[in-house]
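Read in order, the letters of the sequence shown are residues -10 to 179 in my numbering.
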Amino acid sequence: MTQLITDEILAARVLAGDRGAFRVLTERHYASVYRLSRSILKSSEDAEDAAQEVFVKAFQALSQYAGRGAFAGWLRRLTVNHCLNRRESAAAKCAARSSSLELMAETLSAGVEADPVRTLLRREARHRIAAEMNELPSQQRAAMALRVLEDMSYEEIADVMGVPVNSVRSWLHRGRARLRCALDSEEAGV
């Protein structure tokens, strides 16, 4: 029986000069880094660029990781910080307007509806949620993405984002309230 080599062992091998070990780390974590990047940056193209940039940064900063904690958590924190910084740059703000967070809306349960009218209303609600998610501030959107897409606890989100748990609670509360308000006003026909 072959035993899976842990991320931490692979990271140590990379630091010892084994570049092939970094390729394995990249293959293991690329999908989650891309998904998290897309949820923050809103655009597939921007997320693709950001994911590649994150792995370049991870390779360059691997000595700072040096086996402290879980590699996946360190990589998520690096991804969130990189994406938030990228999003704040003027060039990224202009380019990021074109796409939505449909991925997050798709993760919400659609349910099996026999009634075509109810199915249509649910689809419209998911599109409205995606549109509202696009309008959330970066920190709220990142916290919501980590909660919904990665199913992380408040404490894990706080650790990844490098903020107090109360900030995460506040961002999630405000984000949910804004989404709820948008859906309520949509239902009321406002």
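The beta carbon of each residue, even a glycine, is placed where N, CA and C say it ideally should be.
In the three-state reduction of the DSSP assignment, ALA119 falls in the helix class, which pools H, G and I. Here DSSP, grouped into helix, strand and coil, assigns ASP148 to helix. Only residues of its own chain outside the window of five on either side were considered, and among them THR15 have a CB closer than 6 Å to the CB of PHE44, listed in chain order.
Three or more pairs of CB atoms, one per stretch, sit closer than 8 Å, so the region 10 to 24 contacts the region 34 to 48. The DSSP-derived three-state label of ILE29 is helix.
A Cβ-Cβ distance of about 6 Å is found for the pair ALA131 and VAL69, placing them in contact under the 8 Å criterion. SER142 counts as exposed, since fewer than 16 other C-beta atoms from the protein chains shown sit within 10 angstroms of its C-beta. Distance from the CA of LEU161 to the CA of LEU125, rounded to the nearest whole angstrom, comes to 11 Å.
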